[in-house]
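According to UniProt numbering, the stretch in the sequence shown is residues 1 to 84, in order.
To start, the structure itself, in structure tokens.
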Amino acid sequence: MNDDTVTHEISLLVTAMKRMADPQPDGTYKTTFIKIFKDEVLEQQLESLVGTMKAAKKRGIIDFQGQMLLQGAHDNVEVTLKKP
């Protein structure tokens with residue numbers, strides 16, 4: 001994927017997280033990986049959810065424990081959308 005595609009997919013992830021995650025008093029949004037993974041809208045829009053999440057973490061847009069999240073093993077890992 002080129003950088004424009006990655007940027008576009010990250011923006012789709014951010015929009016989805018604002019829709020599905022719980023807003024926090026500090027301005028962040030929090031949800032679990034499985035909630036993101038099972039979102040039908042994102043499933044249709046993103047080429048690679050895990051790749052998009054890794055790119056968003058590398059850019060400091062989201063945060064989660066570890067380097068990569070996998071369905072099953074990391075379903076309940078909290079994912080934070082930093083202040084948008």
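C-beta: ideal position from N, C-alpha, C; glycine also.
Fair warning: this is a prediction, and the values are worked out from it, not measured in the lab.
In the three-state reduction of the DSSP assignment, Asp63 falls in the strand class, which pools E and B. Secondary structure remark: continuous beta strand (DSSP E) runs of at least 3 residues inside the UniProt domain "Costars" (4–82), in chain order: 29–32, 78–81.
With fewer than three CB-CB distances shorter than 8 Å, the region 9–19 does not count as touching the region 65–72. Taking Leu81 as reference, the option from Val6, Glu40, Thr5, Ile36 with the minimal CA-CA separation is Ile36. In chain order, Gln67, Met68 place their CB closer than 8 Å to the CB of Lys54, counting only its own chain and leaving out the 5 sequence neighbours on each side.
A straight line joining the alpha-carbon of Phe64 with that of Val79 spans about 5 Å. A Cβ-Cβ distance of about 6 Å is found for the pair Met20 and Thr31, placing them in contact under the 8 Å criterion.
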